[in-house]
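Colleague:
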Amino acid sequence: MKTFDVIIIGAGSVGVPAALSLAERKIKTLVIDALASPGQGQNKKAIGGIRATHSDKGKITTSLKSIEIFSTWKEKYGDDIGWISNGYSFPAYNEKDENMLKSLMEVQKSFNLNIKWLSREEYLDIVPGINSKNLRGSTYSPDDGSASPLLAINAFYFKSIEFGAKYRFNEHVLAIDTSKSDVITVKTDKGEYSCAKVINAAGAFAKETGRLAGLDIPVVPDSHEGAITEPVQRFFGPMVVDLRPARDPATADSANFYFYQNNEGQVIFCITPGNLMVGTQGESTSLFLPQVAKRMVALFPKLANLKVRRTWRGQYPMSPDGFPLVGVKKEGNNRNFINAVGMCGQGFMLGPGLGELLSRMVMEELTDEDHDVLNHFDMDRDFSGIEKFK
Ligand SMILES: Cc1cc2nc3c(=O)[nH]c(=O)nc-3n(C[C@H](O)[C@H](O)[C@H](O)COP(=O)(O)OP(=O)(O)OC[C@H]3O[C@@H](n4cnc5c(N)ncnc54)[C@H](O)[C@@H]3O)c2cc1C
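One rule links them: number in my numbering = place in the sequence shown (from 1) + 26.
1. Is the beta carbon of Ala-232 sitting closer than 8 Å to the one on Phe-295?
2. Pick helix, strand or coil for Leu-351, following the three-state DSSP scheme.
3. Would you check if the distance between the CB atom of Ala-178 and the CB atom of Phe-96 is smaller than 8 Å?
4. Check each candidate in Gly-74, Asp-106, Gly-41 and name the one with the smallest Cα separation from Pro-64.
5. Tell me whether Phe-182 counts as near ligand 1, meaning its Cβ is closer than 7 Å to at least one heavy atom of that ligand.
6. Can you determine whether any heavy atom of ligand 1 sits closer than 7 Å to the C-beta of Asn-69, and answer yes or no?
7. Sorry if obvious, but does the Cβ on Glu-251 come closer than 7 Å to a heavy atom of ligand 1?
8. Count the other CB atoms within 10 Å of the CB of Ala-72; is the residue buried (16 or more) or exposed (fewer)?
9. With respect to 7 Å, is the separation between the Cβ of Ser-174 and the closest non-hydrogen atom of ligand 1 below this value?
10. I'd like to confirm the pairing. Which residues does DSSP put opposite Val-334 in its beta bridges?
11. Could you pull the DSSP bridge partners for Ser-115 from this structure?
12. Under 8 Å by Cβ, that's how I've got Phe-374 and Ile-210 pegged, so tell me the actual separation to the nearest angstrom.
13. Look at the alpha carbon of Phe-314 and the alpha carbon of Ile-297, and state the distance between them as a whole number of angstroms.
14. By the DSSP assignment, the alpha helix (DSSP H) with Ser-374 in it spans what residues?
15. Do the CB positions of Ala-118 and Arg-162 come within less than 8 Å of each other?
16. Within 10 Å of its beta-carbon, does Phe-409 have 16 or more other beta-carbons around it, so buried, or fewer, so exposed?
17. Where does Ala-222 fall in DSSP's three states?
18. For Lys-102, tell me which candidate among Ser-174, Ala-45, Ala-181 has the shortest Cα-Cα distance.
19. Check Thr-55 in the structure and name its three-state DSSP category.
20. Following the continuous alpha helix (DSSP H) through Asn-69, name the residue where it begins and the one where it ends.
21. Are there 16 or more other CB atoms within 10 angstroms of the CB of Pro-327, so buried, or fewer, so exposed?
22. Grab me the residues of Leu-144's own chain with a C-beta within less than 7 Å of its C-beta, minus the 5 sequence neighbours each way, in chain order.
23. Count the other C-beta atoms from every protein chain shown that fall within 10 angstroms of the C-beta of Pro-43, then say buried if there are 16 or more, exposed otherwise.
24. Less than 8 Å between the C-beta atoms of Pro-343 and Gly-263, yes or no?
25. Pull the bridge partners of Ala-230 from the DSSP assignment, please.
26. How close, in whole Å, do the beta carbons of Gly-36 and Ala-173 come, if the pair is a contact with beta carbons under 8 Å?
27. Fully enclosed by the region 165-211, which alpha helix (DSSP H) runs are 4 residues long or longer?
28. One question on the structure: do Leu-383 and Val-399 come within less than 8 Å of each other, judged by their Cβ atoms?
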């Protein structure tokens with residue numbers, strides 16, 4: 027039986043950067059994934075948006091750390107991960123959204139987020155051609171950005187191997203024995219490993235993995251679709267998030283939608299369906315493209331000329347309130363079974379910051395600030411508060 031300090035279940039948006047941080051600190055780390063290579067779960071489904079523009083201290087602080095890692099990666103290690111500092115914007119088209127965004131900005135600023143309110147004219151300068159009817163202005167957080175989830179996870183993966191992390195792919199975790207207080211045994215379809223601590227980073231399968239350790243983890247896979255266009259010359263600046271829901275008898279109801287132009291000039295976009303689409307199916311629906319294209323062109327008519335190259339469907343690992351679930355759950359004999367799950371639509375952007383936090387947790391070096399952040403991600407909270415941007 028091979029022995030490790032830490033076994034991470036899942037080589038995805040969370041597991042790989044966690045392995046990177048742990049291996050960098052000389053912790054003997056094994057990552058196990060059922061799929062053939064890193065990032066083949068939901069990481070490759072992400073559109074690459076990276077923001078610290080959230081509504082609570084936990085996600086803001088963790089994402090600020092992630093942004094530092096993404097934005098300095100090329101300078102530090104030389105790999106181009108497609109990072110651009112294009113910023114995020116949430117335009118307001120009614121008084122209610124304007125008031126909500128402005129009051130949230132006060133909270134965001136108090137946690138050191140660089141965010142400001144742009145007037146209608148200032149916003150039209152950075153998104154020229156966006157529908158100006160009823161436009162009241164927009165938030166703008168210029169330090170947010172984007173990167174390629176494919177390039178980023180591979181860069182993190184190869185660097186973690188250099189630091190000494192080990193990986194086992196095409197290997198499915200089938201059983202976890204937490205009955206002994208200081209050694210956990212992880213059984214897969216190919217072998218058996220022991221370790222001092224396990225990190226559950228199983229994404230959409232967090233609930234099933236928790237169950238192997240006798241835990242009930244409230245994470246549900248909720249389907250979302252994305253698409254990418256051909257590349258064109260840069261014609262607008264930030265990620266645009268339209269918060270307004272839409273009632274549409276011709277297609278179906280939808281909540282917000284968002285799009286940006288990546289480092290190669292391709293426009294990438296997503297929409298939030300009106301209702302949860304629970305399940306792990308991977309095929310695009312026939313509803314998605316007509317629904318989102320109609321809304322995008324109404325908001326930003328210039329987009330009408332772009333050719334869509336590809337659509338896809340993946341899952342947000344949803345927690346009940348829209349906040350991640352990180353740490354040890356009180357029930358059972360599992361003080362060495364750490365969860366880093368329920369990332370919702372933000373696992374890619376939270377991953378690197380969370381990786382550092384998890385490595386401090388494993389090494390029992392958590393700071394007061396970390397404890398504060400972890401309170402927002404508490405495994406045993408009552409889920410009564412709902413994330414404002416859920
Ligand atoms: C359309 C779409 C757009 C998105 N856009 C963004 C975005 O712009 N920015 C952002 O931050 N996030 C985005 N997301 C969300 C993001 O993709 C997820 O939050 C993130 O990938 C979850 O990371 P994870 O590490 O928890 O899971 P994953 O990356 O899915 O990794 C989990 C891994 O665990 C493995 N696994 C599970 N169970 C087992 C087992 N028993 N044995 C072995 N291996 C196992 C899986 O094979 C998988 O590889 C988007 C998602 C979708 C669907």
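C-beta atoms are modelled at their ideal positions from N, C-alpha and C, and glycine is treated no differently.
Modeller: Quick answer:
1. no
2. Look at Leu-351 here: in three-state DSSP terms it is strand.
3. Going by C-beta atoms, Ala-178 is nearer than 8 Å to Phe-96.
4. Gly-41
5. no
6. yes
7. Yes, Cβ of Glu-251 sits closer than 7 Å to a heavy atom of ligand 1.
8. Its Cβ being crowded by 16 or more others within 10 Å, Ala-72 is buried.
9. no
10. Note: Val-334 sits in a beta bridge opposite Thr-255.
11. Tyr-166, Val-266
12. Not really, about 28 Å apart at Cβ, beyond 8 Å.
13. 8 Å
14. The amino acid at residue 374 is misidentified as Ser; the sequence shows Phe. Looking at the DSSP string, the run of the alpha helix (DSSP H) that includes Phe-374 is 373-388.
15. yes
16. exposed
17. strand
18. Ala-181
19. strand
20. Counting along the chain, Asn-69 falls outside any alpha helix (DSSP H), and DSSP gives it neither H nor E.
21. exposed
22. Gly-163, Ser-164, Tyr-166
23. buried
24. no
25. For Ala-230, DSSP records no beta bridge to any residue.
26. That belief does not hold up - the Cβ atoms of Gly-36 and Ala-173 are roughly 20 Å apart, past 8 Å.
27. DSSP runs (the alpha helix (DSSP H)) wholly in the region 165-211: 175-189.
28. yes
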